[in-house]
Amino acid sequence: MVVCDRGVVDRTAKSLEVQNKGGVGMILVNLTSSSEDADNHVVPTVHVNAPKSLELKSKLAANPGLTVSLLKGDLTGEPQSPAPQIAGFSSRGPSLASGGDLLKPDISAPGVNVLAGVSTIGNHGAQFGFMSGTSMAAPHIAGFGALVLGKQPQWTPAMVKSAMMTTAYPLVNADGTPNRDPFQGGAGQIDATRVLDPGLVYNSGIKDWKAFLNGQGLDTGSPKAGTIAARDLNLPSVALGSLVGEISVKRQLTALVPGAYNSEVSLPGFDVRVEPQVLNFSKSGETRDVTITVKNVNAPMGKFTTGALTWKGPRSVSSPIAVRPVDAQVAPSFSFSSATGTGSGTMNLVSGSDAPIPVGVEGLAPLSETAVTKTPGAYAPTNDEHNALVKVDVPDGAKFVRLGVQAATNDVDWDMVVYGPNGSGGLVATQVATSSASEFLDLESPRAGTYYVIANLYATPDNGPASARIQAVTFTGDAGNLTVNPNPIVAPNGTATTATANWSGLAEGSYLGRLSLGGNGIKTWVNVTVGAAAAPAPAG
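In C-alpha cells, the structure reads:
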C-alpha cells in the first residue's frame, strides 16, 4: 500500500505507477486543502484531504510499520457534506452581455464527478468515466428537456426552460444554509418531481428572439420583428444591470393550471410594484401581461441585490431577480471640437442618486497615430504589404492605455495583435480580431515598457487596398486641461440633467479623456478635436 502526495503528475498516473511497482492500493493525500476527486484508478484508492492527510503522514513517519485495510463504506463518522452545492469551478454571473439586463446562469444540474458513458477515443479505450463541468450538467438539462417534451410535445423550448427554472429548488452553502444567489446557480437545481407541472410559464417564440437580436444591433434580416430591450425579453428571470430612477420591465405569463395567482416580491432595499398584483386565469392557455416597476430606496449603489418574484396560487411559480442601482446613466462617449485650444460641450445624463455625484477626470491625453494603407493577406508580426507594426512606449505610472486600429471605412475588416511586456523580460501577445472594421484594446494599470501594435488587413469587399490609422493614447491621471461643471452633479434620482465639459490649453490635434461618475464604475469618454484638420479620437 503506497501513500502518494498529490501534484506534479496526473492522479491516475500515480496509481498506475503503484501498480507497475507491485503495489495493491494507494492513499492519495492533499498536502493543502483541495478537492477530493473521483478518478478511474487502476488500483483501489482512497483520496484524503488536509488536515487529515497531514495527520496520516505524521503517523506514518512515526511508525513505518503501519498496516492499512480498505473497507467498504464511510468510516469517518462525520456528517455528509450538504448538497447540492455549486461547484467551485462553475462559472458565475453577472453576465456583461446586454449591460447586465440578462440574468445568467439560468439553472443548475449535477456536474461533479458523475459516472457516465464516454467515448473510447481519447479515453484509453474506456467506455465509462467520471465527468465534471458543463460537459455533464448540460446533458442533464438536455435529458430533462427531452423527457418533458416526451410528456408535453406541444410545449415550446421557452416553456420547457420556464418550467425548469420556476420549479427549481435552492442550492445550499457549505454550512447547509440555502444558497439563493442567482449568479452562482441561477434559479436553483432542477427538480424532476415538479418540472412537468409548473402552473404558469413565461413563453417566447422566434419573433421575440429576432426582436431581441434586432434590439442588440444585430442584423437578423427580419426588421418587421421590431425590437425588444433585453430586460423585456419574456424570460423566467428579471435583471437590471444599471438602475437609475424607476424602470419598468414587461412579462407575459401563460396558464397551464388556471386559477388566481398572487404576486410576492422579495428584493431588499427596493420598492417593487407588480401590476396587476393578482392574475386570474379561467382556462389553460390564457395569457396575462405584467409590468414590474423597480425603484431604489436604500439598496447599496453599484452592487447587485438579488431576490425573487413568486406567483402563488394553484402552483408556486418563482423567478430570480437581480438589480444593480448606479449613480448615473450616461452615453458611452461624447465627441466635441473647437477651432482653438479652449472650448466646452454639453453632456446629457440621468441621475441615479439623490446624493451629490462626484466626477473624476482622467486626461485629456493627446492621441498619437500612424496612417497606413495595406492589402488583405495573412498576419505576420512585421511591416509588409498586409501588416503594419508600430511601437508604443508606455511610461511608469500610466493608469490606462488604449491601442487601436481605426479603419477609414466600415466595410473592411482590420484585426490587431498587441505584444506587451510580461513582467519577466519577455512579451505576451493579445489578439483582437472581431468582425468589426476597427479594433481597440484597453489596458488598465498597464506595465511600463514598449508595446508592439500590429495591424493586419484581413478583408475588403473587393480584395483591394484599404487605409487605417494605428492609434495610441495613455493616461497618467488628471492632466489639468479638462474640468466638469458642476462637480459634483446634484439632481434627484431619476432626473435628467446636464453637465458641461470644459477644456483649455490644447494644441491642434485629437485628445481623449475619461470621466468617472460616482463610485461604482460609471464611466464615459470625452473626445476633443482641436483644429479643422485633426482626426477624431477613438470613440469609447
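For our numbering, count along the sequence shown from 1 and bump the result up by 742.
C-beta: ideal position from N, C-alpha, C; glycine also.
Remember, it's a predicted structure, so these values are computed and weren't measured experimentally.
Buried is the label assigned to Pro-1188, since at least 16 other Cβ atoms lie within 10 Å of its Cβ. In the three-state scheme derived from DSSP, where H, G and I count as helix and E and B as strand, Val-1272 is classed as strand. DSSP places Gly-1162 within a strand segment (E or B) once states are collapsed to three. C-alpha of Ser-964 to C-alpha of Ala-981: approximately 26 Å in a straight line. With fewer than 16 other Cβ atoms inside 10 Å of its own Cβ, Glu-1186 counts as exposed.
Rounded to the nearest whole angstrom, the CA to CA distance from Gly-1247 to Thr-1271 is 13 Å. Ranked by Cα distance from Val-1101, the first of Gly-1011, Ile-1212, Leu-1224, Leu-995 is Leu-1224. The secondary-structure analysis by DSSP pairs Gly-1049 across a beta bridge with Ile-1063.
Between Val-1159 and Ile-1212, the CB-CB gap reaches or exceeds 8 Å. In this structure, Tyr-1193 is the residue among Leu-1145, Tyr-1193, Glu-1181, Pro-1137 with its C-alpha nearest to the C-alpha of Asn-1164. Residues Ile-849, Ala-929, Gly-930, Gln-931, Ile-932, Asp-933 of the same chain have their beta carbon placed closer than 7 Å to that of Ala-910, with the five preceding and five following residues left out of the count.
A contact between stretches requires three or more CB pairs, one per stretch, nearer than 8 Å, and the region 981 to 992 meets this requirement with the region 842 to 859. For the 8 Å CB-CB criterion, Phe-1142 and Glu-1104 form a contact. Between Glu-1181 and Trp-1156, the C-beta spacing is below 8 Å.
As summarised for the region 840 to 928, the continuous alpha helix (DSSP H) elements at least 4 residues long and confined to that stretch are 876 to 893, 899 to 908, 924 to 927, given in chain order.
Beta bridge pairing from DSSP links Met-768 with Val-744, Thr-787. Note on the region 947 to 980: whole alpha helix (DSSP H) runs with a minimum of 4 residues are 948 to 957, in chain order.
Counted as a single uninterrupted DSSP element, the alpha helix (DSSP H) harbouring Glu-759 occupies residues 753 to 762. Closest in C-alpha terms to Gly-1083, from the list Leu-889, Gly-887, Ala-1274, Val-1072, comes Ala-1274. The beta carbon of Val-1232 lies closer than 7 Å to those of Pro-1098 in the same chain, with the five residues before and after it left out.
Under the criterion of beta carbons closer than 8 Å, Ala-953 and Ala-967 qualify as touching, at roughly 5 Å. A Cβ-Cβ separation of about 10 Å leaves Met-768 out of contact with Thr-754 under the 8 Å criterion.
Assignment of beta-bridge partners to Asp-1135 by DSSP yields Thr-1192.
Beta-bridge pairing by DSSP links Asn-1229 to no other residue. For Ile-948, the number of other beta carbons within 10 angstroms of its own is below 16, and it is reported as exposed.
The beta carbons of Phe-1076 and Ala-1243 sit about 7 Å from each other, so the pair counts as a contact at 8 Å. Listed as beta-bridge partners of Met-1089 by DSSP are Ala-1241.
Contact between the region 1115 to 1134 and the region 1195 to 1215 is established, with three or more Cβ pairs separated by less than 8 Å. Here Gly-941 is not near Ser-1008, since their CB atoms are 8 Å or more apart. The residues Pro-1098, Ile-1099, Pro-1100, Val-1101, in chain order, have a CB closer than 7 Å to that of Pro-1230 in the same chain once the five nearest residues on each side in sequence are set aside. Closest in C-alpha terms to Leu-1106, from the list Ala-997, Asp-1031, Ala-1221, comes Ala-1221. Within a 10 Å sphere around the beta-carbon of His-866 sit fewer than 16 other beta-carbons, which makes this residue exposed. Approximately 47 Å separates the beta-carbon atoms of Gly-875 and Pro-1108; this is outside 8 Å, ruling out the contact. A contact between stretches requires three or more CB pairs, one per stretch, nearer than 8 Å, and the region 986 to 997 meets this requirement with the region 1026 to 1040. A distance below 8 Å separates the beta carbons of Gly-987 and Val-1092.
Straight across, the Cα-Cα distance linking Ser-1058 with Ala-825 is about 23 Å.
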